[in-house]
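Q:
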Amino acid sequence: MGEFMKSQKFARFCNRFFTYAFLLLLSLIIIYPLLITVSTAFREANIVSFQLDLHSNWTLDNFRELFTNTLYKNWYINTLIIAVATMVLQVVIVTLAGYTYSRYRFKGRKYSLVFFLIIQMVPTMAALTAFYVLANILNALDTYWFLTLLYVGGGIPMNTWLMKGYFDTVPRDLDESARIDGAGHLRVFWQIVLPLVKPMLAVQALWAFMGPFGDFLLAKFLLRTPEHLTVAVGLQQFISNPTDQKVTLFAAGAFLAALPICILFFFLQKNFVSGLTSGGTKG
């Protein structure tokens, strides 16, 4: 009996040890590039490559130069506008679509869900020519609204599946009880069901908001005027010239670009675990 208890304790110790060791390694892999970016952003002079140096003199000159000698302010505002518009539109559309697929039965329901999955398998690169032709037809090259619609449309298929799965976890008995009490479809959705899916709404909002900050391909392909670029495309100009790379400016711009995402993340973080784990429980 004593040997059995010792073996159990040893197994638990090994389990905890390797779990914490893995988490520590994962943390180092994530934190190390962030430290390099932050230390480079506050470096006193430009450098030729990213490097971790916490002992050099730190300064805010790189941030001042971003807003005085470059178009970074325009890029930042452009990205914020596109990100907020994408977040609002995508959350509204995906929420309504997910609720419809979860609660109602109609012709083409099954096939349209399968069609969503098929669309999701098509890479963005394969659709670039179609996007360009469509933008030319609509006279929408170098416009924010067309790029925003592409971001929204690209996020609808898979996110609709996730929202449907989350709505499926809400008991239908609540809907039926509300309808017995005289509530209509809109009231059931707005007052009964919607408050229960706030965790997934938070997840959808963060994903949609992050998209324009991280996307380079679509924005590079469709935006032409230097003042109309997004942060990702604009920052690339700082390191695109091999003979004149502004590494410290790039790091400072990347640091500032991460701030809105971090703020939104910490504001919504209490909802994320529930939203991510429950969205795929039912299909």
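Each residue of the sequence shown is one higher than the last, beginning at 1 in full-length UniProt numbering.
Ideal Cβ placement from N, Cα and C applies to all residues, glycine included.
Just so we're clear, the structure is a prediction, and the values are computed from it rather than from any experiment.
#1: How far does the alpha helix (DSSP H) with D215 in it reach, from first residue to last?
#2: In whole angstroms, what is the alpha-carbon distance linking L264 and V203?
#3: Do you know offhand how far F267's Cα is from V92's?
#4: Grab me the residues of G280's own chain with a C-beta within less than 8 Å of its C-beta, minus the 5 sequence neighbours each way, in chain order.
#5: List the endpoints of the continuous alpha helix (DSSP H) containing G155.
#6: Considering only residues of the same chain and omitting the five flanking positions on each side of G98, which have a CB-CB separation below 6 Å?
#7: Determine the burial state of A45: buried for a count of at least 16 other Cβ atoms within 10 Å of its Cβ, exposed for fewer.
#8: Between M87, Q90, A140, H185, which has its C-alpha nearest Y104's C-alpha?
#9: Mapping the DSSP letters down to three states, classify R105 as helix, strand or coil.
#10: Which term fits K282, buried or exposed, when burial requires 16 or more other beta carbons within 10 angstroms of its beta carbon?
#11: What did DSSP end up calling R64 once you bin it into helix, strand or coil?
#12: Taking the DSSP output, what are the residues bridged to W58?
A: According to the structure data:
#1: Taking the sequence shown and counting its residues from 1, one reaches residue 215 at position 215. Segment: none, D215 is in no alpha helix (DSSP H) and carries neither H nor E.
#2: Taking the sequence shown and counting its residues from 1, the one referred to as residue 264 is at position 264. Taking the sequence shown and counting its residues from 1, the one referred to as residue 203 is at position 203. Cα to Cα, the separation comes out at about 11 Å.
#3: Counting from 1 along the sequence shown, the entry for residue 267 is found at position 267. Counting from 1 along the sequence shown, the entry for residue 92 is found at position 92. Answer to the nearest angstrom: the Cα atoms are 19 Å apart.
#4: Taking the sequence shown and counting its residues from 1, one reaches residue 280 at position 280. Its pLDDT being 42, under 50, G280 is placed unreliably in this model, and the value from its coordinates should be taken loosely. Cβ neighbours of G280 beyond the five flanking positions: L162, G165.
#5: One-based indexing of the sequence shown puts residue 155 at position 155. Counting along the chain, the alpha helix (DSSP H) containing G155 begins and ends at 144-168.
#6: Residue mapping note: residue 98 aligns to position 98 of the sequence shown, counting from 1. T160, M163, K164, F167.
#7: Sequence index remark: in the sequence shown, residue 45 carries index 45 (1-based). Exposed: under 16 other Cβ atoms inside 10 Å.
#8: Position 104 of the sequence shown, counting from 1, holds the residue named residue 104. The shortest C-alpha separation from Y104 is found at H185.
#9: What you label residue 105 is simply residue 105 of the sequence shown in a count that begins at 1. DSSP places R105 in coil when its eight states are reduced to three.
#10: If you number the sequence shown from 1, residue 282 lands on position 282. Low per-residue confidence applies at K282: pLDDT is 44, beneath 50, and the placement is therefore not dependable enough to give any value.
#11: Residue numbering aside, residue 64 sits at position 64 when the sequence shown is read from its first letter. R64 falls in the helix class under three-state DSSP.
#12: Locating residue 58 in the sequence shown gives position 58, counting from the first residue. Partner(s): R43.
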